[in-house]
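Enquirer: Supplied in structure tokens, the structure appears directly below.
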Amino acid sequence: MRIPCPHCGLRGHEEFAYLGDATLRRPDPAAPDAERAFAEYAYRRDNPAGRHRELWYHAQGCGTWLVVERDTLTHEIGRVTEAREQGGS
Amino acid sequence: MRYSIFSVLRQALAGNRGWAPAWREPEPKRHYDVVIVGGGGHGLATAYYLARVHGVRNVAVLEKNYVGSGNVGRNTTIIRSNYLLPGNIPFYEWSLKLWEGLEQELNYNAMVSQRGVLNLFHTEAQRDLFVRRGNSMRMHGVDAELLDVAGVRRIAPFLDFDNARFPIRGGLLQARGGTVRHDAVAWGYARAADRLGVDVIQQCEVTGIRVEAGAAVGLETTRGYIGAGRIGLACAGNSSRVAALAGLRLPIESHVLQAFVSEGLKPVIPGVITFGAGHFYVSQSDKGGLVFGGDIDGYNSYAQRGNLPTVEDVCEGGMALMPFLGRVRLLRSWGGIMDMSMDGSPIIDRTPVGRLYLNAGWCYGGFKATPASGWCFAHLLARDEPHAVARAYRLDRFAEGRLVDEKGQGPFPNRH
């Protein structure tokens, strides 16, 4: 499995560290249901079979956090963007 | 037909033409008291103990493929109960006790072989950690023995004791641990459950869970609708997908774990040996192949195949431990899909949906747990209350902060 890093080109996935689901958004700690929302945020996952947006960190390369679209059924890699472009976390 | 030396002799004289199928191929009924989703080791064990221990015999096990096609046939066959945490030890020890009597119980040769599990340590700090785990085990009445280098040498003289980076300083031995013929576990439970009246229904995939007034009442399947008094999910690897049919979102990610087997060799490795400076575990099957594995690949996957960097990492661990492996040819490798939970421990519990019960999150330790998992899930399904040794495996423990995190890694499934 190779990931096309926008800065370094096509690199083996062993150069990257994986952090999972990139669609999670940190809840508002001041919200009335913050306790429940944080439990969801920390522990629950959609875990889809198919297209998955996920965070990869190019640890042994340029040190950029990337959002990679990958198919969990085939390991096929789609669009790769810098995580900073999607903003917020 | 009961299996025994007499049945073998009788069949041998009759040209082996009289063997009956090990279980029936029934058509699904319209309704069962309990339906188990998943015809792997855990689901079949659950059905068996429901019938045998609790007298609940109007039970079906639904399997989308064939019995034993999932993780029960994809693991490295190791059984042990060498855990650290009080939430884990009694459960895994109960499982090991059930393994010890399993073949007589099921009247099926599962080749349970208590050849010992030896965890090697390579530093003084790691020795202290292993002493702590060994003491924790012994306080729970589980066997554990600390070996020095001479003790390890007696068991496995072929190890690279003076490796420059990872010298072997000793090991923690659980002599009662060992290996079991994994497919035979699925077949043995399926046959024994079938004999008690359980319907084992293969090629029957669940496509929907019908929920009425907050409670599950039945399942849409590829072989029609099946009503159920209670439904138990035991489909690790795909737990998130099946639970999503009832609107549930689980604390689980699916990851691929690879395993490997070499060409057959004469007996060389006496038991199960694990590397302490990386992740590598190996045993030798009765056919002679070295069966080994290591870490999960580390990214979400439902693909049942992994990537080469993990193969390299596993083989490097093996080479650091026993350099003769470099001369051995690899025969096969394969992948299984693991329910990686958020604390590395399983879930056996009710769900927020009424009459829907969950057995999931086995990470890559599910095989050794098969008998106790079935025992405790059957208890939960029959009595609607958790079994004493599975009390820690609650679904709400994540929100409650009562995690059972054996490795202390936090909510990062690929690190457990």
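Heads up: the protein sequence lines correspond to chains A and B, in order.
Per my numbering, the very first residue in the first sequence carries number 9; after that it's consecutive.
Per my numbering, the very first residue in the second sequence carries number 8; after that it's consecutive.
Just so you know, even glycine gets a beta-carbon here, dropped at the ideal spot from N, CA and C.
#1: Which residues, taken in chain order from the stretch 394-412 of chain B, show a beta carbon closer than 7 Å to some beta carbon of chain A?
#2: Per DSSP, which residues does Arg339/B bridge with? Please list them.
#3: Once you ignore the five residues that flank Arg203/B on each side, which residues in its own chain have a CB closer than 8 Å to its CB?
#4: Please report whether the beta-carbon of Gly86/A lies at a distance below 8 Å from any beta-carbon of chain E.
#5: Is the shortest distance between the beta-carbon of Ser352/B and the beta-carbons of chain A less than 8 Å?
#6: Counting only beta-carbon atoms, is Ile355/B nearer than 8 Å to chain A?
#7: What in chain A is Cβ-close to Ile12/B, meaning under 8 Å?
#8: Answer yes or no: does any C-beta atom of chain B fall closer than 8 Å to that of Leu81/A?
#9: Tell me which residues share the same chain as Pro12/A and place their Cβ nearer than 6 Å to its Cβ, disregarding the 5 neighbours each side in the sequence.
#10: For Tyr51/A, return the contacting residues in chain B, with the cut-off set at a CB-CB distance below 8 Å.
#11: Kindly list, in the order they appear in chain A, the residues whose Cβ is closer than 8 Å to that of Ala310/B.
#12: Please report the distance separating the alpha-carbon of Asp403/B from that of Glu48/A.
#13: Pick out whichever of Ala284/B, Arg140/B, Tyr306/B has its Cα sitting closest to the Cα of Pro174/B.
#14: Once the 5 residues before and after Pro258/B are set aside, which same chain residues still bring their CB inside 7 Å of it?
#15: Over the uninterrupted alpha helix (DSSP H) stretch that includes Pro258/B, give me the two end residues.
#16: Between Leu63/A and Asn116/B, what straight-line distance do the alpha-carbon atoms span, to the nearest angstrom?
#17: Contact criterion: CB-CB distance below 8 Å. Does Glu77/A meet it with respect to chain B?
#18: Assign Glu70/B to buried or exposed, taking buried as 16 or more other Cβ atoms, counted over all protein chains shown, within 10 Å of its Cβ.
#19: Decide if Ser85/B is buried, meaning its Cβ has at least 16 other Cβ atoms within 10 Å, or exposed.
#20: Please decide whether Ser340/B counts as near chain A, where near means a Cβ-Cβ distance under 8 Å.
#21: With Leu332/B as the anchor, note down where its alpha helix (DSSP H) starts and where it stops.
#22: Ala29/B and Ala200/B - do their beta-carbons sit closer together than 8 Å?
#23: So, helix, strand or coil for Asn126/B, using DSSP?
#24: So is Leu338/B buried or exposed if we call it buried at 16+ other beta carbons inside 10 Å?
Expert: According to the structure shown:
#1: Phe405, Ala406
#2: Val268/B
#3: Sequence inspection shows Leu at residue 203/B; the Arg mentioned does not correspond to that position. Excluding sequence neighbours, Leu203/B sits near Tyr55, Ala58, Arg59, Arg64.
#4: In the displayed structure, chain E is absent; the protein chains listed are A and B.
#5: no
#6: no
#7: Correct list: empty, because the minimum Cβ distance to chain A is about 47 Å.
#8: yes
#9: Leu18, Val88
#10: Pro258, Met349, Phe405, Ala406, Pro418
#11: Thr80, Leu81, Thr82, His83
#12: 11 Å
#13: Ala284/B
#14: Ser348, Met349, Phe405
#15: Run containing Pro258/B: none; DSSP gives neither H nor E here.
#16: 46 Å
#17: no
#18: buried
#19: Residue identity differs from the one stated: residue 85/B is Ile in this sequence, not Ser. The residue is buried, with at least 16 neighbouring Cβ atoms inside 10 Å.
#20: no
#21: No alpha helix (DSSP H) contains Leu332/B, which DSSP labels as neither H nor E.
#22: no
#23: strand
#24: exposed
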